[in-house]
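I have placed the structure first, in the form of structure tokens, so that the comments after it can refer back to it.
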Amino acid sequence: MATLFTLNLVTPRAIASLPDSTKGSPIKVPYLNQPWKRILSPLESRRMQVRAAPDRLSEKVEQSIKEAQEACSDDPASGECVAAWDEVEELSAAASHARDRLKDNDPLENYCQDNPETDECKTYDN
Amino acid sequence: MAVCPVYTTQSLNSTCSISTPSKTHFSSHHNHLVFYRTSKRTSKRGGSSSCVITCSAGDSQTVVIGLAADSGCGKSTFMRRLTSVFGGAAEPPKGGNPDSNTLISDMTTVICLDDYHSLDRTGRKEKGVTALDPRANDFDLMYEQVKALKSGIAVDKPIYNHVSGLLDPPELIKPPKILVIEGLHPMFDERVRDLLDFSIYLDISNEVKFAWKIQRDMAERGHSLESIKASIEARKPDFDAFIDPQKQYADAVIEVLPTQLIPDDNEGKVLRVRLIMKEGVEHFSPVYLFDEGSTISWIPCGRKLTCSYPGIKFSYGPDTYFGHEVSVLEMDGQFDRLDELIYVESHLSNLSTKFYGEVTQQMLKHADFPGSNNGTGLFQTIVGLKIRDLYEQITASKTAAPLQATKA
Chain H
1 MATLFTLNLV TPRAIASLPD STKGSPIKVP YLNQPWKRIL SPLESRRMQV
51 RAAPDRLSEK VEQSIKEAQE ACSDDPASGE CVAAWDEVEE LSAAASHARD
101 RLKDNDPLEN YCQDNPETDE CKTYDN
Chain Z
1 MAVCPVYTTQ SLNSTCSIST PSKTHFSSHH NHLVFYRTSK RTSKRGGSSS
51 CVITCSAGDS QTVVIGLAAD SGCGKSTFMR RLTSVFGGAA EPPKGGNPDS
101 NTLISDMTTV ICLDDYHSLD RTGRKEKGVT ALDPRANDFD LMYEQVKALK
151 SGIAVDKPIY NHVSGLLDPP ELIKPPKILV IEGLHPMFDE RVRDLLDFSI
201 YLDISNEVKF AWKIQRDMAE RGHSLESIKA SIEARKPDFD AFIDPQKQYA
251 DAVIEVLPTQ LIPDDNEGKV LRVRLIMKEG VEHFSPVYLF DEGSTISWIP
301 CGRKLTCSYP GIKFSYGPDT YFGHEVSVLE MDGQFDRLDE LIYVESHLSN
351 LSTKFYGEVT QQMLKHADFP GSNNGTGLFQ TIVGLKIRDL YEQITASKTA
401 APLQATKA
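Top to bottom, those sequences are chains H and Z.
First residue of the first sequence? That's 1 in the UniProt record's numbering, and the numbers climb one at a time after it.
First residue of the second sequence? That's 1 in the UniProt record's numbering, and the numbers climb one at a time after it.
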């Protein structure tokens with residue numbers, strides 16, 4: 001029980017310190033009455049950060065393609081051209097992995113992985 | 001019954017690293033007894049002069065599996081199927097670098113060999129080398145760390161960040177029961193090759209690779225058919241020179257080709273997949289159809305089983321591959337229904353399943369993965385079960401040997 005209390009005390013500070021949290025000024029403590037809010041706010045900001053990753057990667061992919069096309073316009077067989085297209089491939093792979101990871105993000109599953117003993121997550125298998 | 005191998009400093013040729021048993025982020029069944037012994041001899045790296053003798057209850061050595069494939073060829077899907085066979089999902093290490101490439105589950109740890117790049121993205125651009133080139137990879141470090149993990153010593157493995165293209169600070173990797181090293185060059189260096197207990201190569205033909213990359217990249221802005229083609233063409237020389245030759249060393253090769261059932265097919269949806277299994281590999285017995293060592297051609301669709309177009313065709317037979325004796329099991333076509341899958345499974349032999357229908361069950365568990373309706377998913381699942389069998393055989397023989405030694 002003592003650990004539960006310490007957990008509750010830590011989270012509002014965590015919410016307050018998140019830079020791009022949508023929750024503005026009032027550092028309320030709503031989660032005592034509405035425990036689902038405690039889960040959602042760090043996840044929301046995490047989702048925002050995760051959503052930013054594929055966007056950033058998409059821009060990088062676009063840019064790298066342009067650079068590769070420029071590098072290859074001079075000499076298609078040169079090391080620079082080959083290395084540039086390899087970079088395009090690497091970034092495309094990373095972008096596709098990021099998109100896949102985004103698809104798998106189910107908030108309930110994520111929560112239950114860490115807290116399988118809570119009411120929402122208990123499974124009765126026998 | 002705990003087996004406790006005591007390693008003397010002579011046997012630990014590589015550097016001794018101190019592994020801290022605390023701060024485990026996954027359940028560990030190892031009890032580590034750490035003995036510090038100061039010696040006058042200082043080791044080359046880090047200058048640490050103490051050695052760790054680890055006593056692990058249960059398995060004494062890690063089983064190392066190598067998986068080689070070009071990027072965009074299904075390594076991640078294979079990894080997920082493999083870790084699922086052992087139970088549990090593999091996750092990135094909690095609380096560490098969010099861009100880490102490592103996956104950890106209860107039994108397995110998957111290490112991406114991109115982490116051993118010696119040149120980061122800018123470095124490679126300057127030198128004009130691709131990631132496929134051996135000059136961009138540190139094989140000495142790869143060998144040392146894989147050897148250390150195999151002997152039960154934790155290592156600080158660098159992280160290659162695919163988003164930023166930089167080499168991030170290292171993360172601690174604890175020796176797992178099964179270590180999978182996946183990437184472009186697991187079998188390139190001879191020393192690393194000797195450490196592998198089993199190795200797999202995913203050989204995707206050019207047409208299929210092109211089709212898969214189109215599927216993957218067309219959703220990206222900036223990519224067009226020409227850019228995808230140019231990217232494949234530019235990387236081909238390095239790929240043919242450095243990556244492709246590794247397939248001769250693999251114990252199992254999964255070759256993916258366009259189908260022969262549909263004339264003039266250019267969609268690339270139906271695939272012909274060949275599982276090439278080397279004969280004479282320790283702890284590995286190839287899968288066969290009906291009669292081991294004979295040549296069989298089998299179309300399961302007929303009176304007992306109805307299939308939709310284009311149906312399924314199997315063949316099995318002995319062959320030679322780069323001078324080695326191999327057995328080849330081939331599947332052309334797609335599964336449409338559950339009963340097709342279970343029918344096929346019931347006629348394959350030496351699958352190393354623990355119960356009837358295990359292959360089907362594993363395939364159904366991951367029905368959303370790519371390749372779940374054709375030979376890629378089927379053979380990946382079968383190889384996963386073979387690896388489980390190999391692991392159990394190795395650990396059984398390891399626990400048996402020290403007992404015999406104590407008796408003598």
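All C-beta atoms in this analysis are idealised placements derived from N, C-alpha and C, irrespective of residue type, glycine included.
Query: Cα-Cα separation, I312 of chain Z to L338 of chain Z; Result: 13 Å
Query: Rounded separation between I214 of chain Z and P318 of chain Z - CA only; Result: 35 Å
Query: Touching by the beta-carbon criterion (3+ pairs, under 8 Å), the segment 332 to 348 of chain Z and the segment 385 to 398 of chain Z; Result: no
Query: Check whether G88 of chain Z and E62 of chain H have beta carbons under 9 Å apart; Result: no
Query: Residue-chain proximity (P134 of chain Z, chain H), Cβ-Cβ < 9 Å; Result: no
Query: Stretch pair the segment 77 to 96 of chain H + the segment 153 to 169 of chain Z: three plus CB contacts closer than 8 Å; Result: yes
Query: K122 of chain H, buried or exposed, once every other Cβ within 10 Å from all chains shown has been counted against 16; Result: exposed
Query: Unbroken stretches of the beta strand (DSSP E), 3 residues or longer, contained in the segment 317 to 369 of chain Z; Result: 324 to 333
Query: Buried/exposed call for L71 of chain H, threshold 16 Cβ in 10 Å; Result: It is Ala, not Leu, that sits at residue 71 of chain H in the sequence shown. Counting Cβ neighbours within 10 Å, A71 of chain H comes out buried, since at least 16 surround it.
Query: CB contact below 9 Å: E80 of chain H versus chain Z; Result: yes
Query: Closer than 9 Å at the beta carbon, the chain Z residues around S58 of chain H; Result: E220, R221 and G222
Query: CB contact flag (E330 of chain Z, V273 of chain Z, <9 Å); Result: yes
Query: Cβ neighbours of L348 of chain Z in the same chain (closer than 7 Å, five flanking residues each side left out); Result: V287 and L289
Query: Local conformation of R274 of chain Z per DSSP, three classes; Result: strand
Query: Spatial neighbours of N115 of chain H in its chain, beta-carbon cut-off 7 Å, leaving aside the 5 residues before and after; Result: C121
Query: Proximity of L195 of chain Z and Y116 of chain Z at Cβ, strictly below 9 Å; Result: no
Query: Beta-carbon spacing of M277 of chain Z, V328 of chain Z below 9 Å; Result: yes
Query: Contact with chain H by D168 of chain Z, beta-carbon distance below 9 Å; Result: no
Query: Of the listed residues Z:A211, Z:L141, Z:S227 and Z:I111, nearest to P176 of chain Z (C-alpha basis); Result: Z:I111
Query: Residue environment, L218 of chain Z, which counts as buried when at least 16 other CB atoms sit within 10 Å; Result: It is Met, not Leu, that sits at residue 218 of chain Z in the sequence shown. Under this definition M218 of chain Z is an exposed residue.
Query: Inter-residue spacing [alpha-carbon to alpha-carbon] between C81 of chain H and A230 of chain Z; Result: 10 Å
Query: Positions along the segment 118 to 133 of chain Z whose CB lies within less than 8 Å of some CB in chain H; Result: R121, R124, K125, K127, G128, V129, T130, A131 and L132
Query: Residue environment, E182 of chain Z, which counts as buried when at least 16 other CB atoms sit within 10 Å; Result: buried
Query: Proximity test, Cβ basis, 9 Å: C112 of chain H and chain Z; Result: no
Query: DSSP bridge partner residues for I312 of chain Z (one or two, in chain order); Result: Z:G333
Query: Same chain, Cβ closer than 7 Å to I104 of chain Z, five either side skipped, listed in chain order; Result: F26, A90, E91 and P93
Query: DSSP-derived helix/strand/coil call for F198 of chain Z; Result: strand
Query: Backbone secondary structure at P98 of chain Z - three-state DSSP; Result: coil
Query: R101 of chain H to P402 of chain Z span [Cα, whole Å]; Result: 44 Å
Query: Given S352 of chain Z as reference, the closest of Z:P245, Z:I382, Z:S118 and Z:T259 once Cα atoms are compared; Result: Z:I382
Query: Burial state of I296 of chain Z, where buried means 16 or more other Cβ atoms lie within 10 Å; Result: exposed
Query: C-beta neighbour in chain Z for L120 of chain H, strict 9 Å; Result: Checking the displayed sequence, the identity of residue 120 of chain H turns out to be Glu instead of Leu. Not an interface residue.
Query: As assigned by DSSP and simplified to three states, the class of R37 of chain Z; Result: In this predicted model, R37 of chain Z has a pLDDT of only 49, less than 50, meaning its place in the structure is not dependable; the value taken from the coordinates is given anyway. Three-state DSSP puts R37 of chain Z in coil, outside helix and strand.
Query: E90 of chain H at chain Z interface by Cβ criterion, 9 Å; Result: yes
Query: Chain-ordered neighbours of S96 of chain H on chain Z, where CB pairs are closer than 7 Å; Result: R216
Query: Coarse secondary structure for G222 of chain Z, derived from DSSP in three states; Result: coil
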